[in-house]
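*Asks:* Numbers in the working numbering are just positions in the sequence shown, counted from 1, shifted up by 523.
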Amino acid sequence: MKIKHFFDHDTATFSYVVIDEETNQCAIIDSVLNYDMNSGQISFESINEIVEFVNGNNLTVQWILETHAHADHLTGSHYLKEKLGGQIAIGQHIKEVLQFWVPLFNYQDHTPLDGSQFDYLLGDSECLSIGKIKCRTIHTPGHTPACLSYVIGDNVFVGDTIFMPDVGTSRADFPGGNAETLYNSVKRILSFPDFTKLYLCHDYPPNPEEGARHIVTVGEQNEKNIMINRAISKEEYIKLRSERDASLAVPRLLYPSLQVNIRAGKLPEPESNGSQYIKIPLSQ
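1. Nearest-angstrom Cα distance between I617 and I661?
2. Where E792 and H633 are concerned, what is the direct C-alpha to C-alpha distance, given to the nearest angstrom?
3. At what residue ranges does the stretch 535 to 575 contain a whole run of the beta strand (DSSP E), taking only runs of 3 or more?
4. If we require 3 or more residues per run, which beta strand (DSSP E) segments fall completely within the stretch 690 to 765?
5. In whole angstroms, what is the alpha-carbon distance linking V674 and R659?
6. Just mark K757 as buried or exposed, buried being the case when its beta carbon has 16 or more other beta carbons within 10 Å.
7. Can you list, in chain order, the stretches of the beta strand (DSSP E) that have 3 or more residues and sit fully within the stretch 619 to 657?
8. Which residues in the same chain as S765 place their Cβ atom closer than 6 Å to its Cβ, once the five residues preceding and following it in sequence are excluded?
9. Could you tell me if K789 is buried or exposed, where buried requires 16 or more neighbouring beta carbons within 10 angstroms of its beta carbon?
10. Mind reading off the beta-carbon distance from D717 to G742? Whole number of angstroms is fine, and I expect it under 8 Å.
11. To which residues does DSSP link A612 through a beta bridge?
12. The alpha helix (DSSP H) with K789 in it runs from where to where?
13. Using CA atoms only, rank isn't needed, just tell me which of A735, C670, Q782 is closest to L588.
14. With a cut-off of 8 Å on the beta carbons, I'd call F641 and I611 a contact; round off their distance for me.
15. Under 8 Å between the Cβ atoms of T536 and D553?
16. Could you pull the DSSP bridge partners for E672 from this structure?
17. Should K527 and E544 be called a contact, given that it needs their Cβ atoms to be closer than 8 Å?
18. How big is the Cα-Cα spacing for L582 and R767?
19. Is it true that the stretch 596 to 604 meets the stretch 691 to 710, where meeting means three or more beta-carbon pairs spaced less than 8 Å apart?
20. Is the CB-CB distance between P688 and K762 below 8 Å?
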C-alpha cells in the first residue's frame with residue numbers, strides 16, 4: 524500500500540490518495556476545489572494535482588471518500604468523478620446534515636434529503652475494498668453528525684475529528700455537533716495501539732515556517748494533546764471545548780462550502796439567466 528498526501532495552502536487541507544500497488548486501484552479522501560471568496564471564482568489547481576498524479580501513475584479510482592460535509596473548503600468529489608470515475612461515498616448520517624442545511628439554502632427542489640446525490644452512504648464498521656486493501660469505517664460524530672474515519676491497516680484517516688496535539692480537536696458547535704459526543708468519538712480513535720498513524724485533514728502550526736504536518740501517532744495524542752490526553756477527564760474536555768468554541772468565528776467558507784458539499788461537490792444549478800450563484804443567508 525502507498526499513501527500520497529496533497530496540501531491545499533489556502534484552506535490548510537490535506538487530501539490523500541490511498542493506492543493498492545498490486546492492482547493500481549485507489550481511493551481519494553477529502554479533495555479540495557479552489558474557491559476565491561472575493562471574486563466567486565472556482566479554480567482547479569489543488570484538485571488537478573490529484574488528477575495528474577492518478578493519470579500519471581495509471582491508477583484506477585474506485586472510491587472518492589468524504590470524512591464529512593466540510594465547512595471550510597469546497598469538495599472536489601464531483602469534479603474527480605467526472606475526470607477519473609469512481610464512486611462518491613460519505614457517512615449515512617449525512618441525512619441529518621441535509622435536514623438542516625438544505626432548507627436553509629432553500630435547495631429542496633434540487634438537493635435530495637435522502638443522500639442520493641452521493642453514490643454510496645456508509646454505516647459504522649462497514650468494510651469496503653480498495654483493490655485488495657481492506658478499509659473499515661468508524662462513525663466518529665461530534666464535529667458533525669455524519670463524520671466518519673477510515674481505518675486502513677495501521678492507519679486511520681480522521682477528517683476533522685482531531686488535530687495535532689498543539690491544536691486539540693475540531694470544534695463541536697456546528698448544527699448537530701456536541702462536545703460530549705466528540706469526546707467519545709476521539710477516545711474511540713485513541714483506543715487504537717499507540718503506533719497507529721492518524722492522517723489529519725488539517726494542520727494549523729503556530730509557527731508556519733515549521734510547515735504543516737499530516738501524520739501523528741495515537742501515542743503522541745494520548746500524551747501531548749492539549750485538549751484530550753490521558754490526564755484530561757470528559758468533564759474537563761467538555762469545558763475546554765465549549766469555552767474554545769464560544770470564542771471562534773464562523774469559518775470563512777462556511778456557506779460556500781456547505782451548499783456545494785451537501786450536493787456531493789456539484790455546483791449550484793444555473794438560474795434563469797444561465798449563471799450559478801453561491802448564496803449567503805442573511806441574519807442566520
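Beta carbons: idealized from backbone N, C-alpha and C, even for Gly.
*Replies:* In terms of the structure at hand:
1. As a working mapping, residue 617 is identified with position 94 in the sequence shown. As a working mapping, residue 661 is identified with position 138 in the sequence shown. If you take the alpha carbons of I617 and I661, they lie about 14 Å apart.
2. If you number the sequence shown from 1, residue 792 lands on position 269. If you number the sequence shown from 1, residue 633 lands on position 110. Cα-Cα distance, rounded: 8 Å.
3. Those beta strand (DSSP E) runs which fall completely within the stretch 535 to 575 and span 3+ residues are 536 to 543, 548 to 552, 557 to 559, 564 to 566.
4. The stretch 690 to 765 contains, as complete beta strand (DSSP E) runs of 3+ residues, the segments 720 to 723, 738 to 740 (chain order).
5. Position 151 of the sequence shown, counted from the start, is the residue given in the question as residue 674. Position 136 of the sequence shown, counted from the start, is the residue given in the question as residue 659. So the alpha carbons of these two residues sit roughly 5 Å apart.
6. Reading the sequence shown from its first residue, position 234 is the one you call residue 757. By the neighbour-count rule (16 or more Cβ atoms within 10 Å), K757 is not buried but exposed.
7. Complete beta strand (DSSP E) runs here, min 3: 643 to 645, 650 to 653.
8. Along the sequence shown, read from residue 1 onward, the residue named residue 765 stands at position 242. Counting only residues of its own chain and dropping the five nearest sequence neighbours on each side, S765 has a CB closer than 6 Å to the CB of A702.
9. Locating residue 789 in the sequence shown gives position 266, where the first residue counts as 1. Looking at its Cβ environment, which holds 16 or more other Cβ atoms inside 10 Å, K789 is buried.
10. For the purposes of this step, residue 717 is taken as residue 194 along the sequence shown, with counting starting at 1. For the purposes of this step, residue 742 is taken as residue 219 along the sequence shown, with counting starting at 1. Confirmed, Cβ separation roughly 3 Å.
11. The residue you call residue 612 lines up with position 89 of the sequence shown. As DSSP reads the structure, A612 sits in a beta bridge with L588, Y643.
12. Against the sequence shown, residue 789 aligns to sequence position 266. Taken as a continuous stretch (DSSP letters only), K789 belongs to no alpha helix (DSSP H), as it is neither H nor E.
13. For this step, residue 588 is matched to residue 65 along the sequence shown. Among A735, C670, Q782, the Cα nearest to that of L588 belongs to C670.
14. The count along the sequence shown starts at 1 and reaches residue 641 at position 118. The count along the sequence shown starts at 1 and reaches residue 611 at position 88. That pair is a contact at about 5 Å.
15. Within the sequence shown, residue 536 is the residue found at index 13, counting from 1. Within the sequence shown, residue 553 is the residue found at index 30, counting from 1. In this structure, D553 lies closer than 8 Å to T536 by Cβ.
16. Within the sequence shown, the letter at position 149 stands for residue 672. It should be noted that the sequence gives Ser, not Glu, for residue 672. I661, per the DSSP bridge assignment.
17. Stepping through the sequence shown from its first residue, residue 527 is reached at position 4. Stepping through the sequence shown from its first residue, residue 544 is reached at position 21. By the CB criterion at 8 Å, K527 and E544 fall outside the cutoff.
18. Position 59 of the sequence shown, counting from 1, holds the residue named residue 582. Position 244 of the sequence shown, counting from 1, holds the residue named residue 767. Looking at the two C-alpha atoms, the distance is approximately 42 Å.
19. No, the stretch 596 to 604 does not touch the stretch 691 to 710.
20. On the sequence shown, position 165 is the one that residue 688 refers to. On the sequence shown, position 239 is the one that residue 762 refers to. No, the pair does not count as a contact, with Cβ atoms beyond the cut-off.
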